[in-house]
Each structure stands twice: as C-alpha cells, then as structure tokens.
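Number of protein chains: 2
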Amino acid sequence: MKYGIVAFPSKEVQDFANSYRMRYDSHYAQLPPHITILGEVETDEAGLKAAADYLFNITKDAKAFSINIPKVGTFKPINNVIYLKVDADEELYNLNKALHDSDFGGSSQYQYVPHITLAQGITGDELDDIYGQLRMTKIDFTEVIDRIHILYQLENGSWTVYETYRLQEQ
Amino acid sequence: MKYGIVAFPSKEVQDFANSYRMRYDSHYAQLPPHITILGEVETDEAGLKAAADYLFNITKDAKAFSINIPKVGTFKPINNVIYLKVDADEELYNLNKALHDSDFGGSSQYQYVPHITLAQGITGDELDDIYGQLRMTKIDFTEVIDRIHILYQLENGSWTVYETYRLQEQ
Chain A
1 MKYGIVAFPS
11 KEVQDFANSY
21 RMRYDSHYAQ
31 LPPHITILGE
41 VETDEAGLKA
51 AADYLFNITK
61 DAKAFSINIP
71 KVGTFKPINN
81 VIYLKVDADE
91 ELYNLNKALH
101 DSDFGGSSQY
111 QYVPHITLAQ
121 GITGDELDDI
131 YGQLRMTKID
141 FTEVIDRIHI
151 LYQLENGSWT
161 VYETYRLQEQ
Chain B
171 MKYGIVAFPS
181 KEVQDFANSY
191 RMRYDSHYAQ
201 LPPHITILGE
211 VETDEAGLKA
221 AADYLFNITK
231 DAKAFSINIP
241 KVGTFKPINN
251 VIYLKVDADE
261 ELYNLNKALH
271 DSDFGGSSQY
281 QYVPHITLAQ
291 GITGDELDDI
301 YGQLRMTKID
311 FTEVIDRIHI
321 LYQLENGSWT
331 VYETYRLQEQ
C-alpha cells in the first residue's frame with residue numbers, strides 16, 4: 001500500500017479548489033483538496049504503523065502554522081499542473097524536512113513547493129487557457145493549519161485518513 | 171456545513187466494499203467505505219469545533235472494539251440499500267449512545283444497526299439481483315477498530331476528515 005502525509009485547508013479553500021478540480025483535476029475523486037507534506041511512499045501495514053508513530057513523535061513539539069494563498073502557479077513545462085501557491089511559515093518547511101530525514105522517507109531530490117493542486121492530467125493548450133483565466137482571478141486566503149493527517153491509498157486510487165495529528169497553538 | 175462521525179474498516183474490507191460500491195453506490199466518490207456512528211448533523215464552524223471537543227472527551231475512556239462481518243443485509247423495503255452487516259462489541263453501541271445524548275446530537279428515532287453500505291440509489295430490481303448474488307458470496311471478516319473520525323462535508327458532497335480519535339487498546 002501507499003501512504004502520504006497532507007494538510008487540508010479550510011472548507012472555504014477546499015470548496016474554491018474543488019470548483020476547478022471537478023473539471024480539471026484527474027485526481028478529483030481520490031481525495032479532498034490538500035497540501036502534500038510527504039508524497040506517496042510504498043509500504044505495508046507494519047510500515048504504516050511505524051510511520052504513524054514517527055509522525056506522532058515529530059508532531060508532539062510541532063506548532064500550528066499560518067498560510068497565505070496569494071495566486072496560482074504552474075509546474076509547466078515539467079508538469080502540466082496548475083496549483084494554488086501556498087506561502088507558509090517556516091514550521092511547514094520544518095515538518096517537510098523532518099519527514100525527509102534519512103531515518104524516515106529519505107531525502108527528496110526536489111525543493112519543497114507547498115501548493116494545492118487545481119488541475120493535472122490536462123493538455124498544454126488546456127493549461128494555457130485555464131492558467132490565463134486563473135491569473136486574472138482575485139485570490140487571497142489566509143488561515144492557520146493546526147492539524148495534519150496520514151492517509152493510505154485504496155486499490156481504487158482513493159485515499160483514507162489513518163490518523164490526525166494536532167499541532168500546538170501558535 | 172454538515173458533519174458526521176465514522177469508523178473506517180481495514181484496507182482489506184474497504185477494497186472489498188469498493189469493488190461493489192464502484193458500480194452500485196451513488197455515494198461511492200464522496201467518502202471511503204465506513205461504519206457510520208453518527209449520521210449527518212447540520213452545524214457551523216463553531217459547532218464543528220464543539221463536536222470535536224465533545225468527541226475528544228467521550229473517546230478518552232472509550233475502548234477499541236472488535237467487529238465481525240458475517241454477511242450482507244438490506245434495508246428493503248424501507249430503503250433500497252445493501253450493506254455489510256457489522257456485529258460489534260458493546261463498546262460501539264456505547265459510543266453511538268453517547269453521541270445521541272440529548273446534550274449532543276439528540277436522541278435517535280431508529281435502532282442503531284452498524285453496517286457498511288455497498289449499494290444505494292438503485293432500483294428494487296437491481297437490489298434483488300445484487301442481493302441475491304451477494305448472499306451466495308462467502309463473507310467473513312474479523313478485525314479491531316481502534317480509531318474513529320469526525321468528518322465534514324464539502325459543497326460538492328465529498329467528506330474531509332477533521333480529526334481522528336484513538337480508542338484505547340482492549
């Protein structure tokens with residue numbers, strides 16, 4: 001099985017994101033709008049429990065963090081993805097770093113870019129169209145993320161939450 | 171917004187349930203296979219937080235419970251629903267009862283029948299067909315449920331987990 005670690009933004013942001021995802025995100029039905037903190041990791045039942053325990057330990061002293069969502073971004077030309085850009089406190093980066101520790105997920109080859117995907121699995125032309133529209137749309141959300149979740153993937157591709165971790169008040 | 175309280179069975183049971191739900195459950199894409207402990211309750215953001223706090227208190231002393239899934243059942247003719255029957259320890263009934271306390275969700279008009287829905291939104295003829303097949307299928311799962319979740323519903327009908335509560339070992 002695969003697991004991942006995410007934060008869900010507020011219902012307001014999720015509803016906004018879904019209004020685009022329902023048309024443009026090939027993973028729309030698999031899980032709600034989210035900020036990935038650790039991407040898909042292959043494991044078994046024992047590995048999932050170990051990851052949950054590890055996460056329990058590193059979140060014990062972790063603090064809630066503020067995010068601001070000022071605009072959209074894209075990973076084009078590497079990936080035909082449009083996302084909500086997430087500007088976050090250092091705390092989110094620390095969490096991401098702790099989860100890529102060599103004792104856990106191992107180091108990442110990529111720089112961490114917190115984001116909420118709006119569109120993927122689209123053509124380059126579709127991307128240009130949608131991205132053009134979204135850049136003209138006023139976007140400005142600010143909120144506090146005070147919990148993160150570990151999820152695992154079912155055979156049909158959808159994700160189930162295994163555990164939630166509260167982060168301490170700021 | 172609406173919230174609800176559920177338990178997710180193991181990945182094995184969820185994958186089994188989804189193999190039917192994908193064809194026969196009109197709520198397939200809204201959330202993973204689950205045992206409802208408290209059905210949809212209308213609330214606002216403050217009410218969700220209050221419910222989460224209430225749940226934190228009643229689960230502090232709650233114990234994990236065993237379930238056995240021996241066969242399918244149906245709510246026909248009241249509802250065209252086919253479900254996996256869930257035989258559970260008293261602990262699950264206690265949780266359900268605590269959540270229907272008058273200080274919280276209010277009393278339920280129905281007797282609590284723990285189940286995992288496989289099919290809904292189908293015609294009577296479809297139900298007879300599918301139910302007939304499923305009654306001939308060998309079903310026997312036994313497992314321990316050691317966590318429950320509070321979820322809220324997005325505008326698109328799908329559900330996001332807000333918080334997880336671990337139940338103590340048996």
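The listed protein sequences derive, respectively, from chains A and B.
In this text, residue positions in the first sequence follow this note's numbering: the first is 1, and each later residue adds one.
In this text, residue positions in the second sequence follow this note's numbering: the first is 171, and each later residue adds one.
Cβ coordinates follow ideal geometry from the N, Cα and C atoms, glycine included.
Computed from a predicted model, the values in this text were never measured in an experiment.
Exercise for the section: Identify the continuous beta strand (DSSP E) that holds Val13 (chain A) and give its terminal residues. Expected result: Locating residue 13 (chain A) in the first sequence gives position 13, counting from the first residue. First-last for Val13 (chain A): 11–24, but that is the alpha helix (DSSP H), not the beta strand (DSSP E).
Exercise for the section: Determine the closest residue to Asn94 (chain A) out of A:Met1, A:Thr59, A:Leu31, with distance taken between C-alpha atoms. Expected result: Here residue 94 (chain A) is taken as the residue at index 94 of the first sequence, counted from 1. Comparing Cα positions, the closest option is A:Thr59.
Handout entry: Which of helix, strand or coil DSSP assigns to Ala177 (chain B)
Key = The residue you call residue 177 (chain B) lines up with position 7 of the second sequence. Strand at Ala177 (chain B).
Practice task
Return the CA-CA distance between Asn227 (chain B) and Glu215 (chain B), expressed in angstroms with no decimal places.
Solution key: For the purposes of this step, residue 227 (chain B) is identified with residue 57 of the second sequence, where counting begins at 1. For the purposes of this step, residue 215 (chain B) is identified with residue 45 of the second sequence, where counting begins at 1. Taking the straight line joining both Cα atoms gives about 19 Å.
Handout entry: Short CB-CB distance (under 8 Å) between Phe141 (chain A) and chain B
Key = Working through the first sequence from its first residue, we reach residue 141 (chain A) at position 141. Not closer than 8 Å to any Cβ of chain B, the Cβ of Phe141 (chain A) fails to qualify, so no.
Exercise for the section: Taking 8 Å as the cut-off, decide whether the C-beta atoms of Lys301 (chain B) and Thr244 (chain B) are in contact. Expected result: As a working note, residue 301 (chain B) is residue 131 in the second sequence. As a working note, residue 244 (chain B) is residue 74 in the second sequence. It should be pointed out that residue 301 (chain B) corresponds to Tyr in this sequence rather than to Lys. At a Cβ-Cβ threshold of 8 Å, Tyr301 (chain B) and Thr244 (chain B) count as neighbours.
Handout entry: Selection of the region 27–43 of chain A by Cβ proximity to chain B, strictly under 7 Å
Key = Those residues of the region 27–43 of chain A that come within reach of chain B (Cβ to Cβ, closer than 7 Å) are Ala29, Pro32.
Exercise for the section: Look at the alpha carbon of Tyr83 (chain A) and the alpha carbon of Lys76 (chain A), and state the distance between them as a whole number of angstroms. Expected result: The residue labelled residue 83 (chain A) in the question sits at position 83 within the first sequence. The residue labelled residue 76 (chain A) in the question sits at position 76 within the first sequence. Using only the alpha carbons, I get a separation of about 11 Å.
Handout entry: Interface residues of chain A facing Thr307 (chain B) [CB-CB closer than 7 Å]
Key = Here residue 307 (chain B) refers to the residue found at position 137 of the second sequence. In chain order: nothing, as chain A lies at least about 18 Å away.
Practice task
Excluding the 5 residues preceding and the 5 following Arg21 (chain A) in the sequence, name in chain order all residues of the same chain whose CB lies nearer than 7 Å to its CB.
Solution key: As a first step, residue 21 (chain A) is located in the first sequence; it is residue number 21 there, counting from the start. Around Arg21 (chain A): Tyr28, Pro33, Leu118.
Problem - Asp25 (chain A), buried or exposed, once every other Cβ within 10 Å from all chains shown has been counted against 16 - result: Walking along the first sequence from the start, residue 25 (chain A) turns up at place 25. Around the beta carbon of Asp25 (chain A), a 10 Å sphere encloses 16 or more other beta carbons of the protein chains shown; the residue is thus reported as buried.
Exercise for the section: State yes or no: is the beta carbon of Thr244 (chain B) nearer than 8 Å to at least one beta carbon in chain A? Expected result: As a first step, residue 244 (chain B) is located in the second sequence; it is residue number 74 there, counting from the start. No - not a single Cβ of chain A is within 8 Å of the one on Thr244 (chain B).
Practice task
Could you list which residues in chain B have their beta carbon closer than 9 Å to that of Glu169 (chain A), in chain order?
Solution key: Counting from one through the first sequence, the residue named residue 169 (chain A) turns up at place 169. For the C-beta of Glu169 (chain A), not a single chain B residue is nearer than 9 Å; the gap to the nearest is close to 13 Å.
Problem - 3-residue-minimum beta strand (DSSP E) runs that sit fully inside the region 260–311 of chain B, ordered along the chain - result: Within the region 260–311 of chain B, the complete beta strand (DSSP E) runs of at least 3 residues are 285–289.
Problem - Under 8 Å between C-beta atoms of Phe65 (chain A) and Asp87 (chain A) - result: Counting from 1 along the first sequence, the entry for residue 65 (chain A) is found at position 65. Counting from 1 along the first sequence, the entry for residue 87 (chain A) is found at position 87. Between Phe65 (chain A) and Asp87 (chain A), the C-beta gap is not smaller than 8 Å, which leaves the two residues out of contact.
Handout entry: Endpoints, the alpha helix (DSSP H) within which Ile228 (chain B) is located
Key = By one-based count along the second sequence, residue 228 (chain B) stands at place 58. Residues 215–230.
Handout entry: Residue-chain proximity (Asp257 (chain B), chain A), Cβ-Cβ < 8 Å
Key = The sequence position of residue 257 (chain B) within the second sequence is 87, counting from 1. No, no contact with chain A.
Problem - Nearest residue (CA-CA) to Arg305 (chain B), options B:Tyr335, B:Lys219, B:Ile205, B:Lys241 - result: In the second sequence, residue 305 (chain B) corresponds to position 135, counting from 1. Shortest Cα-Cα distance from Arg305 (chain B) to any of B:Tyr335, B:Lys219, B:Ile205, B:Lys241 involves B:Lys241.
Problem - Straight-line gap, Tyr152 (chain A) to Ile248 (chain B) (C-alpha atoms, nearest Å) - result: What you label residue 152 (chain A) is simply residue 152 of the first sequence in a count that begins at 1. What you label residue 248 (chain B) is simply residue 78 of the second sequence in a count that begins at 1. The alpha-carbon atoms of Tyr152 (chain A) and Ile248 (chain B) are separated by roughly 35 Å.
Problem - Alpha-carbon spacing of Ile145 (chain A) relative to Leu262 (chain B), whole angstroms - result: For the purposes of this step, residue 145 (chain A) is taken as residue 145 along the first sequence, with counting starting at 1. For the purposes of this step, residue 262 (chain B) is taken as residue 92 along the second sequence, with counting starting at 1. Their backbone Cα atoms lie some 31 Å apart in a straight line.
Handout entry: Per DSSP, the bridge partner or partners of Leu208 (chain B)
Key = For the purposes of this step, residue 208 (chain B) is taken as residue 38 along the second sequence, with counting starting at 1. DSSP, once it has assigned bridges, lists B:Ile175 as partnering Leu208 (chain B).
Practice task
For the beta strand (DSSP E) holding His319 (chain B), just list the boundary residues, first then last.
Solution key: As a first step, residue 319 (chain B) must be located in the second sequence, where it is residue number 149. His319 (chain B) -> beta strand (DSSP E) spans 317–323.
Practice task
Could you name the residues of chain A that Lys241 (chain B) contacts, counting a contact when the two beta carbons are closer than 7 Å?
Solution key: Taking the second sequence and counting its residues from 1, the one referred to as residue 241 (chain B) is at position 71. The contacting residues do not exist; Lys241 (chain B) stays about 22 Å from chain A at best.
Practice task
Figure out for me which residue from A:Ile37, A:Lys2, A:Thr160, A:Lys11 has the closest Cα to the Cα of Ala98 (chain A).
Solution key: For the purposes of this step, residue 98 (chain A) is taken as the residue at position 98 of the first sequence. The option with the nearest alpha carbon to Ala98 (chain A) is A:Ile37.
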